[in-house]
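A.B. asks: Chains A and B, in that order, give the protein sequences.
Just so we're aligned: the first sequence equals residues 93 to 189 in this note's numbering.
Just so we're aligned: the second sequence equals residues 60 to 290 in this note's numbering.
If you scroll down you'll find the structure; I have some questions about it.
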Amino acid sequence: MSEHVVSTKLYYAIWIALLVLTGVTAGVAFIDLGPFNTIVALTIATLKAVLVLLFFMHLKYTSEKMTSVVVISALFWLLILLALSLADYTTRPLGVN
Amino acid sequence: MSDSPAIVESHNPEQQHHFADMEQQRQASSLGMWLFLATEVMFFGGMFCAYLIYRYWYYPEFAAGSKTLDIRLGAINTAVLICSSLTVALSVRAAQFGKRKLLVTLLVATILLGLVFLGIKGVEWASKFEEHHVPGYSFHFEPQAPSHPNTKIDPQRIQIFFSLYFAMTGIHALHMVIGVGLFAVLTFYAWKGRYNSAYYTPIENAGLYWHFVDIIWIYLFPLLYLIDRKK
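Written as structure tokens, this is what we have:
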């Protein structure tokens, strides 16, 4: 067994954290925070995604550097796609599609 | 070939001949899976990008469309997927310890949770058809009391929201269907006793796929259901 074995306790803790965060994000959506509603929702979603990646997908325990390279590249390319596209559309005058 | 017992002993029947050992095989397989997931990020990324641009342009329409989605069913489905991610994570662990019965039980639980998710999604889609919120010829949208009296809601733009809603949840559901099929095959082999502490890569890789699909939904839920819920 070369792979790291994660204790069931940690899995249950992550599971409960994910469920709690789901409840929080649904609850916070009904409170008026202005533009921060979207920011809070996406922050919680990212926190949940990181928990899944690190613990359920074992990224925290992987000894293979190539896995990290692939994950970081994937996120970097996604960032290029989103950031450069939005840098264009959000800086044009509205209505000039 | 009794003069080379060491080689015979160390050879796992699941090892492909082009790998030096099981560890190398596992690493190559895992890297391949992560590369596939990187392409999946690109695949979903295009839709997320389209979503962001249209949400920026047509915010009032996106908020109005989002309000017609059932937030309870969306939240329940999120919880169902999180539970299925737990059963998948535990099934990888069961395979690592070579617990066949536990592995089969957890894989079946994952399949059932996946089917519950798809069932709830089906109910949501069916109600969209009944409400004529499906983009196309019979699309019809009655704006309920607008949150801001000055904003005009253009039904044509709401079709864009629902197009993206159906495309994103549809492609996500397709991934779920593929995942359920994948786990059905793995359950069969696990029941036959194919996976043990020395060989469980298929369980691990299918698990990575399932967790990835879970992460996509973790983003879809707030982006589609929670745009403008504040009272």
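C-beta: ideal position from N, C-alpha, C; glycine also.
Nearest to A/V98 by alpha carbon, out of A/A118, A/L178, A/M149?
C.D. replies: Taking only the C-alpha atoms, the option nearest A/V98 is A/M149.
A.B. asks: Going along chain A in order, which residues have a C-beta closer than 8 Å to the C-beta of B/Q115?
C.D. replies: Rather than Gln, the amino acid found at residue 115 of chain B in this sequence is Tyr. Those are L178, Y181, T182, listed as they occur along chain A.
A.B. asks: Taking the runs of the alpha helix (DSSP H) that are 4 residues or longer, which of them lie wholly in the segment 195-269 of chain B?
C.D. replies: Complete alpha helix (DSSP H) runs here, min 4: 214-250.
A.B. asks: Count the other CB atoms within 10 Å of the CB of A/F122; is the residue buried (16 or more) or exposed (fewer)?
C.D. replies: So A/F122 ends up on the exposed side.
A.B. asks: Find the residues of chain A that neighbour B/M101, judging by a C-beta separation of less than 8 Å, and give them in chain order.
C.D. replies: Within chain A, the residues near B/M101 are A166, W169, L170, L173.
A.B. asks: Are the segment 103-117 of chain A and the segment 134-149 of chain A touching by the rule of at least three beta carbon pairs closer than 8 Å?
C.D. replies: Yes: the two stretches touch, three or more of their Cβ pairs being nearer than 8 Å.
A.B. asks: Between B/A134 and chain A, is any beta-carbon pair separated by less than 8 Å?
C.D. replies: So, interface residue.
A.B. asks: Of the residues B/H70, B/D129, B/T146, B/F107, which one's Cα is nearest the Cα of B/E263?
C.D. replies: The candidate whose alpha carbon is nearest that of B/E263 is B/T146.
A.B. asks: What is the rounded straight-line gap between the Cα of B/G119 and the Cα of A/L145?
C.D. replies: The amino acid occupying residue 119 of chain B in the given sequence is Pro; Gly does not appear at that position. Approximately 34 Å, taken between the alpha carbons.
A.B. asks: Which stretch, first to last residue, makes up the alpha helix (DSSP H) that contains A/P185?
C.D. replies: Here A/P185 belongs to no alpha helix (DSSP H), and DSSP marks it neither H nor E.
A.B. asks: When burial is assigned at 16 or more other CB atoms within 10 Å of the CB, is B/N71 buried or exposed?
C.D. replies: Looking at its Cβ environment, which holds fewer than 16 other Cβ atoms inside 10 Å, B/N71 is exposed.
A.B. asks: Would you verify that the beta carbon of B/S222 is, or is not, closer than 8 Å to some beta carbon of chain A?
C.D. replies: With 8 Å as the cut-off, B/S222 does not count as an interface residue toward chain A.
A.B. asks: Under three-state DSSP, which class holds B/L279?
C.D. replies: Helix, per DSSP.
A.B. asks: Could you tell me if B/M101 is buried or exposed, where buried requires 16 or more neighbouring beta carbons within 10 angstroms of its beta carbon?
C.D. replies: Looking at its Cβ environment, which holds fewer than 16 other Cβ atoms inside 10 Å, B/M101 is exposed.
A.B. asks: Under a Cβ-count criterion, where at least 16 other Cβ atoms within 10 Å of its own Cβ denotes burial, should A/I193 be classed as buried or exposed?
C.D. replies: Any question about residue 193 of chain A goes unanswered here, given that chain A covers just 93 to 189.
A.B. asks: Assuming B/G173 contacts B/G133 (C-beta within less than 8 Å), just tell me the rounded distance between them.
C.D. replies: Contact doesn't hold; Cβ gap of about 17 Å is too wide.
A.B. asks: Mind pulling the chain A residues with CB within less than 7 Å of B/G238?
C.D. replies: Simply none; closest approach about 14 Å.
A.B. asks: If contacts are defined as beta-carbon pairs under 8 Å, then B/Y113 and B/I179 qualify, I think. What distance do you get, rounded to the angstrom?
C.D. replies: Rounded, the Cβ-Cβ distance is 26 Å, inconsistent with contact.
A.B. asks: So, for B/T246: in the same chain, excluding its five sequence neighbours on each side, which residues have a beta-carbon less than 8 Å away from its beta-carbon?
C.D. replies: Answer for B/T246: V163, L166, V167, I170, listed in chain order.
A.B. asks: Within the chosen definition, does the segment 134-154 of chain B reach the segment 81-92 of chain B through at least 3 CB pairs nearer than 8 Å?
C.D. replies: Short answer: they don't touch.
A.B. asks: With distances taken between CB atoms, is the gap from A/L174 to B/C142 smaller than 8 Å?
C.D. replies: For A/L174 and B/C142, no; Cβs fall outside 8 Å.
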